[in-house]
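Same order as they appear, the protein sequences are chains W and F. 1 is the number of the first residue of the first sequence in my numbering; add one for each residue after it. 1 is the number of the first residue of the second sequence in my numbering; add one for each residue after it.
Protein chains: 2
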Amino acid sequence: MKRKVTLKQIAKELDVSVSTVSKALRNSKEISLDTRSKVQAFAKLYNYRPNNIALSLKNKRTKTIGVIIPEIVHHFFSKVISGIEKEANNRGYNVIIGLSNESFDKEVINIEMLANGSIDGFILSVAKETLLLQDYHHFYETINQGMPIVMFDRVVNEIACDKVVVDDKLGSKKAVAKLIESGCENIALITTKDYVNVGKLRTQGYLEALEEHKIEPKASLIIKAEENKDKEVEIETLEKEISALLEKEKAIDGIFAVNELYAITAMKIAINKGYKIPEDISIIAFTDGVLSKHAIPSLSTISQHAVEMGEKSATMLIDKLEELTDEEEYQTQVINTTLIERDTTR
Amino acid sequence: MKRKVTLKQIAKELDVSVSTVSKALRNSKEISLDTRSKVQAFAKLYNYRPNNIALSLKNKRTKTIGVIIPEIVHHFFSKVISGIEKEANNRGYNVIIGLSNESFDKEVINIEMLANGSIDGFILSVAKETLLLQDYHHFYETINQGMPIVMFDRVVNEIACDKVVVDDKLGSKKAVAKLIESGCENIALITTKDYVNVGKLRTQGYLEALEEHKIEPKASLIIKAEENKDKEVEIETLEKEISALLEKEKAIDGIFAVNELYAITAMKIAINKGYKIPEDISIIAFTDGVLSKHAIPSLSTISQHAVEMGEKSATMLIDKLEELTDEEEYQTQVINTTLIERDTTR
DNA sequence: TGGTCTTACTCAAACGTTTTCGTGTTGAAA
DNA sequence: TTTCAACACGAAAACGTTTGAGTAAGACCA
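The following block contains the structure:
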């Protein structure tokens, strides 16, 4: 087992100084051609690679970015990561991942763990618990230490940093408009409680679309699902609510759900009750993932372009790190949504 | 903006030496109680945290592990990562991610990028292209430099390192046995070409199960799908093959597919052709993911316990790093599979 | 008074780099 | 012969930390 070779070892072996070796390897004209080629040959032979840690310490930059997300077993987040990774790699950066599991404490710990020199900046999506507690001290501290943050999707408006978001309201509006234009008149909405920001915005989009088409919104057509750590329980509860809704509101001919799973759940129940999709009821979901694509029938969705979000986030962060953008100037990039028409719409 | 405070700054401020500060913070009895409390108070006030990079350089360990996987937008891999992350975090390690995108070159680049001091060891699942080329020099070099590797799922047998695998053969056998025992007599197999190791093993399990139940395997019931970078194309081609198969082999009453997507595809076609699931045809898929769980009807699957794989991999790697296990001794852990019966089996 | 012990510190090296500033040796121009 | 630039290299500092060795001052004992 041959351990990694260092400048010092090469220097000793070739009977020159460390500085000479370093300069020779960087092809400095300070060093004679003769020595240069000797050193380079030796380095190649022993497969010399500069030690990243030493470089990081010297340069005060790690060329690594930290990503903190609520969960990774999640189509949207893993797509965002793949976008981040792609852009980061292109620009010579590594990506280090921390999972908050939607927990405030884990988010804080992860940030503190990484903020002590391990990384140059953060890309993150805020945990639900943090949004609920509204305790953002860890973000402020990080930014105060001069470490840039880019927030994506779940952002905190009051924090001064770069942000990448999707236009949730407009996306929902597009979806509901599509339903209306294809003939739906009684459109149910399956959303989350209002404290989840994206749920709230998507609900607003729904309402605006109705308004623009002169349709009176009916509170009885709206289900606000209670989120639960235990997804099984959450979905079971929701199933009962949807079932009751379909029993009571026979006129429903369209459903807009704020995520795939809610949409699939609704579709399952509707099919069980004998409705034909999309003839009797059309369905659109926010968030495009594997579930929608491969459901039977396949779900029409609003795509959030997660990969693009990741790429944009990485671009913004790295631009800031490399001082290509003004340090004190923060932007919010809005990523477009796209309606993907599949088999649950007419 | 107050930058991170260092030992040197504290020392200067308090007019003592750097070593005194360092020792005071670690509560060394070498330092007077008086000085200790003064230093500690100051450090707390200025929120001093030791610089990880400097520590890494000094200690020659980064407390970070590198994970290289073929893709991240993939239920199985993201679950494994969540397992790795959980265990790693519990033991004070960070996780840095590299994606190979199934490409040999990207795998090599990622490994080289991380092997130069950024991490203490690797957990990885080999890219398909690497398996095809059978070029493993990058693994050998890494191991040779004294950096431990744990391979999971897609492993290379000839390389001496720790491994974590699922018993693909046994898992398939369980699935096919279940189909036979519930009355299926003509079971189709949808698998991949043999060069994909897991595809091959799962095919073997299918054959063994048939043999043990005295059923003559028929080559005409087996589809070996050609993998394609473009999943759309791959699935379209497969659809045609499955369609043709169902037309030709009317007796088929069971289908075993080596992954979710193949199973879902087969189910879609069967339903379209008017078969009732599971009454006319039972279906089981290898790999348990969201698709299976939320398909309509929900798919019976063989679960691979991905989170457990991740945890085990991390445990093995960290144990080796912390010299809790013999450096020269390598184990292969086999993770059990479980049959999850849902609505596509009787 | 001289010696030893304890206390409470400081020094310096080390981890692996890069880079600035010196410095000794040539060779050539004046 | 002197002067000076060019050349080729080395020494040392710096990044932030830890730690063994060294040291000054005072206390204690004989």
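Note that beta-carbon positions come from the ideal geometry of N, C-alpha and C, so glycine has one too.
Look at W:Gln331 here: in three-state DSSP terms it is coil, with no helix or strand label. Look at F:Thr192 here: in three-state DSSP terms it is strand. Contact annotation for F:Ala225 against chain W: no contact, minimum CB-CB distance about 16 Å [criterion: below 7 Å].
Following the DSSP letters along the chain, one finds W:Ser300 inside the beta strand (DSSP E) bounded by residues 300 to 303.
Taking the beta carbon of F:Asn90 as reference, no residue of chain W falls within 7 Å; the closest one sits roughly 11 Å away. Distance from the CA of F:Ser300 to the CA of F:Leu339, rounded to the nearest whole angstrom, comes to 7 Å. The beta carbon of F:Lys268 sits closer than 8 Å to some beta carbon of chain W. In this model, W:Leu210 and W:Met316 are separated by some 36 Å (Cα to Cα). Below 8 Å, enough C-beta pairs join the segment 101 to 113 of chain F and the segment 130 to 140 of chain F to call them touching: three or more. Residue pairing of W:Met151 in beta bridges, as defined by DSSP: W:Leu124, W:Lys163. Along the segment 198 to 219 of chain W, none of the residues has a CB nearer than 7 Å to a CB of chain F. With a cutoff of 8 Å on beta-carbon distance, W:Glu181 and W:Asp253 are scored as not near each other.
Residue-level contact check: F:Lys248 does not touch chain W, since none of the beta carbons of chain W fall below 8 Å from its beta carbon. Contacts with chain W (Cβ-Cβ distance below 8 Å) from the segment 31 to 65 of chain F involve Asn47, Arg49, Pro50, Asn51, Asn52, Ile53, Ala54, Ser56, Leu57, Thr62, Thr64, listed in chain order. Taken through DSSP and simplified to helix, strand or coil, W:Ile72 comes out as coil. Residue pairing by DSSP puts W:Ile255 in a beta bridge opposite W:Ala188, W:Ile283. Those residues of the segment 140 to 155 of chain W placed with their C-beta closer than 7 Å to a C-beta in chain F are Asn144, Gln145, Gly146, ordered along the chain. DSSP, read as helix, strand or coil, puts F:Ile143 in helix. When rounded, the separation of the alpha-carbon atoms in F:Ile242 and W:Lys268 is 25 Å.
Distance from W:Thr344 to W:Ile283 at the Cβ level is roughly 4 Å; contact confirmed, criterion being Cβ atoms closer than 8 Å. Runs of the beta strand (DSSP E) spanning 3 or more residues and lying entirely within the segment 210 to 269 of chain W occur at 222 to 225, 254 to 257, in chain order.
Along the segment 251 to 265 of chain F, the positions whose C-beta sits under 9 Å from a C-beta of chain W are Glu260, Leu261, Ile264, Thr265, read in chain order.
Rounded to the nearest whole angstrom, the CA to CA distance from W:Val334 to W:Ile97 is 24 Å. F:Gly171 has a beta carbon lying at 8 Å or more from every beta carbon in chain W.
In the structure shown, F:Leu170 falls within a helical segment according to DSSP collapsed to helix, strand and coil.
Within the segment 291 to 308 of chain W, the residues whose Cβ lies closer than 8 Å to some Cβ of chain F are Leu291, His294, Ala295, Ile296, listed in chain order. F:Gly310 counts as buried, since no fewer than 16 other beta carbons sit within 10 angstroms of its beta carbon. Contacts between F:Gly274 and chain W, judged by CB atoms closer than 7 Å, are missing: the closest CB pair is about 14 Å apart. Under the criterion of beta carbons closer than 8 Å, F:Thr62 and W:Ile53 qualify as touching, at roughly 7 Å.
Closer than 8 Å to the CB of W:Val73 there is at least one CB belonging to chain F. Apart from the 5 residues on each side of it in sequence, F:Leu170 sits with its Cβ closer than 8 Å to the Cβ of Gly205, Thr337 in its chain, given in chain order.
Residue pairing from DSSP places W:Ile340 in a beta bridge opposite W:Thr301. Going by C-alpha positions, F:Lys29 is about 56 Å away from W:Gly199.
Straight across, the Cα-Cα distance linking F:Ile69 with F:Val126 is about 7 Å. Against chain W, the beta carbon of F:Asn116 has neighbours under 8 Å at Lys4, Arg49, Pro50, Asn51, Asn52, listed in chain order. Counting only runs of 4 or more residues that sit fully inside the segment 29 to 66 of chain F, the alpha helix (DSSP H) segments are 33 to 45, 52 to 59, in chain order.
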